[in-house]
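2 protein chains.
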Amino acid sequence: MARKVAVVAGGHSKFGKRYDATMRELCAEAYKPIYDEGISQDKIDASVLSYAASQFTGQGAGSALIADYIGLHDKPHLRVESACTTGTASLRAAWGMVSAGLYDVMLVLGVEQMNRVSSATATEYMSQAGDMRWEYPFGISFPAFYALMASRYMSEYGMEHDILAKIAVKSHHYGAQNPKAHLPKEVSFEEANNAIPICRPLNLYDCSLITDGAAAVVIAAEERVKEFTDQPMWITGIGAGASSMMIQDRSTLTSIPGAKRAAQAAYKMAGVESKDIDMAQVHDCFTIAELIAYEDLGFAEPGKGPELVENKENYHDGRIPVNVDGGLKSKGHPLGATGVSMTYEVLKQMKGEAENPTRQIDDVKHGLVHNVGQSGQFVNVFIYERGW
Amino acid sequence: MARKVAVVAGGHSKFGKRYDATMRELCAEAYKPIYDEGISQDKIDASVLSYAASQFTGQGAGSALIADYIGLHDKPHLRVESACTTGTASLRAAWGMVSAGLYDVMLVLGVEQMNRVSSATATEYMSQAGDMRWEYPFGISFPAFYALMASRYMSEYGMEHDILAKIAVKSHHYGAQNPKAHLPKEVSFEEANNAIPICRPLNLYDCSLITDGAAAVVIAAEERVKEFTDQPMWITGIGAGASSMMIQDRSTLTSIPGAKRAAQAAYKMAGVESKDIDMAQVHDCFTIAELIAYEDLGFAEPGKGPELVENKENYHDGRIPVNVDGGLKSKGHPLGATGVSMTYEVLKQMKGEAENPTRQIDDVKHGLVHNVGQSGQFVNVFIYERGW
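Note that the protein sequences, when read in sequence, are chains A and B.
Residue numbers 1 to 388, in my numbering, belong to the letters of the first sequence in order.
Residue numbers 1 to 388, in my numbering, belong to the letters of the second sequence in order.
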């Protein structure tokens, strides 16, 4: 194997309806804290500057635009796109180039600006990540995909909607403590369980947010890490998996086959097991997605995710804290930024820098990021290890 | 440094106005010869499946769609997008993941389907790779960008248009011998020099084609190369460079700063000089781009590119054969496929498999690919070495 690589710094814009900022300004906002830590442009060899969907802004080839705006116009850059896994796919590509020795220090920045169009149009644009010949024309949007999974889970394991509502309550509980969150407000169980339906059995509080925002991390090769930090977060496991395009081609609707493969590959590479993970950031584009993630990642046996929820084992002081930054549900889901934002949260937790002791997890040695694209067509799982 | 990586196989669809095929079918056509050589899906660990602009098809996140269609739905994949450098940017990202040891064997496939919209709309979509706030609204499309460069070159060095026409004549001479070319017809000097203006001083024959097509290569880590071929083409140099977004921010219009940086980095990594290169595939989106490439790559001194053209040193039996497959000009320019198609041509030439002795270059030991995005905002240069 090639060189070890660590995450050495991170930055994060405020997530929300950012009518005050253009896409390039969101990127600058995410890069600024990194610059302020002393990682100026001359210290960065190359970058991956990514967003998921050019439809939102009509801007193609935006890595050039972003590089130019944040002062990296004379450094190599590229854009990676993998729907909602854009952030972690960017990190996977950048990791390769650093580990292989092409660059020592790379900036990985993800962004999306989704609120200049209506919610209906945004949903349509997101749906274009599905098959534009054989799914979209028949009305299959993402809420519909995940509603089918939720229905199947309920049918197979006898779950009621209250479990999903409890996941939403947790997300909002933690989002309310995250100053970068899009919708930082507590939600009661009654509100979450009885909200207006979006696509049955999913209601308003089962769905993630249409958000503007950006997040960034800097990765460095082992020989260079000490120049930047004495608290490096090592990338020890990378697993990627894919599933059939259409869910009718899959063997199951209560698990995402590509996610299981990605998790297995990441655990193997990192030399750890699911029980060794101290915290996880999982892709809760819908509450049912978070529930399925518990099982795909091995935190619960198939069909036993609801017990983990009932026992609050997914809270910051539970057995496996999940999304204690608010998740896609309350923090928000700017598609291209999401995977990078998850990584940034693991770094903060490892460093003990969560804003509030009521959401800081004790002694994080191993953190996991799980990022899913489309309805599971691609998944990236990363495992991080505290380096101090 | 990590593992050596070689190109071990390639495939190429027919380029042209492919109303007979969808984007996914073009991809299958490019993958088929690779499959027929025995590299079936089970031998591929992961893929980068890319196109430049989702506007043409409305299809986002297409790597999942392509993976599904060509039977790689259960293998990790991602899409890289870097405008017209999408193909080589995909290869740069894939090289990293293989060299670093994450995967042993990867498929890199580039595609674009551009002819389902009118030429005017296609030009508009391509222009969206420029700055959508500060360029596009003021009428700056790609022909305009390169016309400005051509005007400046003429003014600075006293060149006449006939030099550009001779480049077009060469491209069509070779394109006419390439069965995969979009417009395989000879063009006379008079036709090329006196065609209708597109954006003065550039005329119809100075501009590349709006093309549908796909190309693919397989790369493998050194330990695995022998399973696939005894004629590996080693990737020995990779250089990437970037330039300021808007040309008014650049120090020169007769050179692309990022291209010079990319070339220097690639030569250094490969341990060769420009004089060691036996053939080059350069990014001739416009004839002036090919001329400038001669100088940025060191094949001619600044202002001396026209002498190389006058002396036909860029022909297959000249000092530095360039684009003897027809180039973007005659072979065509399906954006995301272009960089991969260039790589495929170097492989063919090294193996002595060009269709016609009148375009086969003798004894290619070192080949170079030069791929430019937007008006030079990003450039990738690859150097390849014959491994047998």
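Heads up, the beta-carbon is just placed ideally off N, CA and C, and yes, glycines get one too.
Chain A contacts from the region 62-90 of chain B (Cβ-Cβ distance under 7 Å): If the cut-off is 7 Å between Cβ atoms, the region 62-90 of chain B has Ser63, Ala64, Leu65, Ala67, Asp68, His73, Asp74, Lys75, Pro76, His77, Leu78, Arg79, Val80, Glu81, Ser82, Ala83 and Ala89 near chain A.
Could you give the distance in angstroms between the alpha-carbon of Met350 (chain A) and the alpha-carbon of Asn314 (chain B)? When only Cα atoms are considered, Met350 (chain A) and Asn314 (chain B) end up about 58 Å apart.
What residues from chain A crowd round Met245 (chain B), counting only those whose CB sits closer than 7 Å? Within chain A, the residues near Met245 (chain B) are Ala64, Leu65, Asp68 and His73.
Once DSSP output is grouped into helix, strand and coil, what is the label at Cys199 (chain B)? Cys199 (chain B) carries a strand assignment under DSSP once its states are collapsed to helix, strand and coil.
CB contact below 8 Å: Ile131 (chain B) versus chain A: It is worth fixing the name first, because residue 131 (chain B) is Asp in this sequence and not Ile. Closer than 8 Å: yes.
Give, in chain order, every unbroken run of the beta strand (DSSP E) that is at least 3 residues long and sits entirely within the region 242-267 of chain B. Those beta strand (DSSP E) runs which fall completely within the region 242-267 of chain B and span 3+ residues do not exist here.
Thr358 (chain A), buried or exposed, once every other Cβ within 10 Å from all chains shown has been counted against 16: So Thr358 (chain A) counts as exposed.
Judging by CA-CA distance, which residue of A:Ala195, A:Ile256 and A:Phe286 is the nearest neighbour of Pro143 (chain A)? Selected option, being the one with the closest Cα: A:Phe286.
Using DSSP with H/G/I as helix, E/B as strand and the rest coil, what is Thr236 (chain B)? In the structure shown, Thr236 (chain B) falls within a strand segment according to DSSP collapsed to helix, strand and coil.
Interface residues of the region 361-382 of chain B facing chain A [CB-CB below 7 Å]: Contact residues of the region 361-382 of chain B toward chain A are Gly373, Gln374, Gln377 and Phe378 (C-beta to C-beta distance below 7 Å).
Determine the chain B residues that contact Ala242 (chain A) at a beta-carbon separation under 8 Å, and present them in chain order. In chain order, Ala64, Ala67, Leu72, His73, Asp74, Lys75, Pro76 and His77 make up the part of chain B whose C-beta sits under 8 Å from the C-beta of Ala242 (chain A).
Going by DSSP, what residue range makes up the beta strand (DSSP E) through Ser47 (chain B)? Note, Ser47 (chain B): beta strand (DSSP E), Ala46 to Ser50.
Buried or exposed: Asp362 (chain B), going by 16 or more other Cβ atoms within 10 Å of its Cβ? Label assigned to Asp362 (chain B): exposed.
If you measure beta-carbon to beta-carbon, which residues of the region 326-355 of chain B are closer than 9 Å to chain A? Flagged: no residues at all.
Residue interval of the alpha helix (DSSP H) (run including Phe378 (chain B)): For Phe378 (chain B), there is no enclosing alpha helix (DSSP H); the residue is part of the beta strand (DSSP E) that begins and ends at Phe378 to Arg386.
Here's the rule I'm using: 16 or more other beta-carbon atoms within 10 Å means buried, otherwise exposed. How should Gly352 (chain B) be labelled? If you draw a 10 Å sphere on the C-beta of Gly352 (chain B), you find fewer than 16 other C-beta atoms in it, and that means exposed.
Does Glu222 (chain B) come out as helix, strand or coil in the three-state DSSP assignment? Three-state result, Glu222 (chain B): helix.
Taking all protein chains shown into account, do 16 or more other C-beta atoms lie within 10 angstroms of the C-beta of Arg79 (chain B), making it buried, or fewer, making it exposed? Flag for Arg79 (chain B) reads buried.
Between Met97 (chain A) and chain B, is the shortest Cβ-Cβ distance under 8 Å, so that the two count as touching? Residue contact with chain B for Met97 (chain A): present (Cβ-Cβ distance below 8 Å to some residue of chain B).
So for Asn371 (chain A), helix, strand or coil by DSSP? Asn371 (chain A): strand per DSSP, three-state reduction.
Ranges of the alpha helix (DSSP H) found wholly within the region 101-186 of chain A, counting only runs of at least 4: Fully contained in the region 101-186 of chain A are the following alpha helix (DSSP H) runs of length 4 or more, in chain order: 119-127, 142-157 and 161-175.
Helix, strand or coil for Ala9 (chain B)? Go by DSSP, reduced to three states. Reduced to three states, the DSSP call for Ala9 (chain B) is strand.
I'd like to know if Tyr123 (chain B) contacts chain A, where contact means its C-beta is closer than 8 Å to some C-beta of that chain. It should be noted that the sequence gives Thr, not Tyr, for residue 123 (chain B). Any Cβ of chain A closer than 8 Å to the Cβ of Thr123 (chain B) would place that residue at the interface, and such an atom is absent.
Could you please tell me which residues of the region 202-222 of chain B, in chain order, have their CB closer than 9 Å to any CB of chain A? Those would be none; no residue qualifies.
At the level of alpha carbons, what is the spacing between Trp432 (chain B) and Asp276 (chain A)? Since the first and last residues shown for chain B are 1 and 388, residue 432 (chain B) lies out of range.
Would you say Ala215 (chain B) and Ser341 (chain B) are within 8 Å of each other, going by their C-beta atoms? At a Cβ-Cβ threshold of 8 Å, Ala215 (chain B) and Ser341 (chain B) count as neighbours.
So, Trp397 (chain B) versus Ile235 (chain B), is the Cβ gap smaller than 8 Å? With chain B covering 1 to 388 only, the question about residue 397 (chain B) has no answer from this structure.
Pro321 (chain A): buried (16+ other C-beta within 10 angstroms of its C-beta) or exposed? Per the 10 Å Cβ criterion, buried.
Output the distance between the C-alpha atoms of Glu398 (chain A) and Asp104 (chain B), rounded to the nearest integer angstrom. The question about residue 398 (chain A) has no answer, for chain A in this structure spans 1 to 388.
Check whether chain B comes within 8 Å of Gly58 (chain A), counting only Cβ atoms and requiring the distance to be less than that. The Cβ of Gly58 (chain A) sits closer than 8 Å to at least one Cβ of chain B.
For Phe56 (chain B), does the three-state DSSP call read helix, strand or coil? Three-state result, Phe56 (chain B): helix.
Between A:His77, A:Met269 and A:Gly305, which has its C-alpha nearest Gly373 (chain B)'s C-alpha? When only C-alpha atoms are compared, the closest one is A:His77.
By DSSP's criteria, Ile216 (chain A) is part of a beta bridge. Which residues make up the other side? Just to set this straight, residue 216 (chain A) is Ala in the shown sequence, not Ile. Per DSSP, A:Gly11 and A:Leu109.
Taking the alpha carbon of Lys17 (chain B) as the point to measure from, which residue in B:Asn115, B:Glu37, B:Ser40 and B:Tyr35 has its own alpha carbon closest? Nearest to Lys17 (chain B) by alpha-carbon distance, out of B:Asn115, B:Glu37, B:Ser40 and B:Tyr35, is B:Asn115.
Among all the DSSP beta bridges, which residues are the ones paired with Cys84 (chain A)? Partner(s): A:Ser82.
Please list the partners that Ile256 (chain A) has in chain B, where partner means a Cβ-to-Cβ separation under 8 Å. Those within 8 Å of Ile256 (chain A) in chain B number zero; the least Cβ separation is about 12 Å.
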